[in-house]
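Participant: For what it's worth, the working numbering labels the leading residue of the sequence shown as -5, then goes sequentially. Handing you a structure now.
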Amino acid sequence: MILDFPTIGEPHYAQAAPADLIRNNGQIKIFKIDENKHPRVAKGEAESKVVREGNKVHVYMTAIRSHFAPDNIEGIRMGDEVYFHVTNLEQDWDVPHGFGIKGANNAELLIMPGETTTLKWMPDRVGMYPMYCTDFCSALHQEMQGYVRVSPAGSKTPLTFSVGKQATSAKEAQ
Ligand SMILES: [Cu+2]
């Protein structure tokens, strides 16, 4: 090979292998939610929350077809380190969810059913950031998204979070 372009690790280089090689060697299809011992797990939407600890913000988020909870977060400030601890509440073995947020320069998450994984994110500018499921999960996969608002450092914007709520309109704010 003379040149490998434009990406390294082109997925088409994958080789075929007998399914038994994976099936019989520790494939994990599902994590039972009751047995999830992750210290930042949210075992239901009622446990989803956003907690500030100094400049660290921990988002205890759940994912289930077809929304995140919370999916509307305000009060993140420039300089914050945000940790999205996303629990996939699905208990069907073939429904992973993904998680990505605009501007994340490390990675996205792939969360297997019943599992909790964490994405660290440090916003680099003030504004609205979409977050979204990155793994096709159902016909409503495209709806599986939300927004985070990032305010300037030192802003007094209170930390709030909700599910499925419209942003306050100018009319309501009067
Ligand atoms: Cu999804």
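Where a beta carbon is used, it is the ideal one built from N, C-alpha and C, also for glycine.
#1: Under 8 Å, with one C-beta from each stretch per pair, do the region 80 to 92 and the region 40 to 57 reach the 3-pair mark?
#2: For ligand 1, enumerate in chain order all residues having a CB closer than 5 Å to any of its heavy atoms.
#3: Just how far apart, CA to CA, sit K23 and P12?
#4: Between the region 95 to 103 and the region 117 to 132, do at least 3 Cβ pairs fall closer than 8 Å?
#5: Given this structure, state the Cα-to-Cα distance separating P33 from G140, to the nearest angstrom.
#6: Does DSSP put T162 in a helix, in a strand, or in coil?
#7: Using only the alpha-carbon positions, how far apart do T154 and D65 sit?
#8: Pull up the distance between the alpha-carbon of P124 and that of R17, whole angstroms please.
Facilitator: In short:
#1: Cβ pair count under 8 Å is three or more, so yes.
#2: Listed along the chain, these residues meet the criterion: H91, C127, C131 and M138.
#3: Roughly 18 Å between the two C-alpha positions.
#4: Verdict: yes, contact present.
#5: Each residue's alpha carbon lies about 24 Å from the other.
#6: With a pLDDT of only 47 at T162, under the threshold of 50, the placement of this residue in the model should not be trusted, and no figure is reported.
#7: C-alpha separation (whole angstroms): 11 Å.
#8: Looking at the backbone, the Cα of P124 and that of R17 are separated by about 36 Å.
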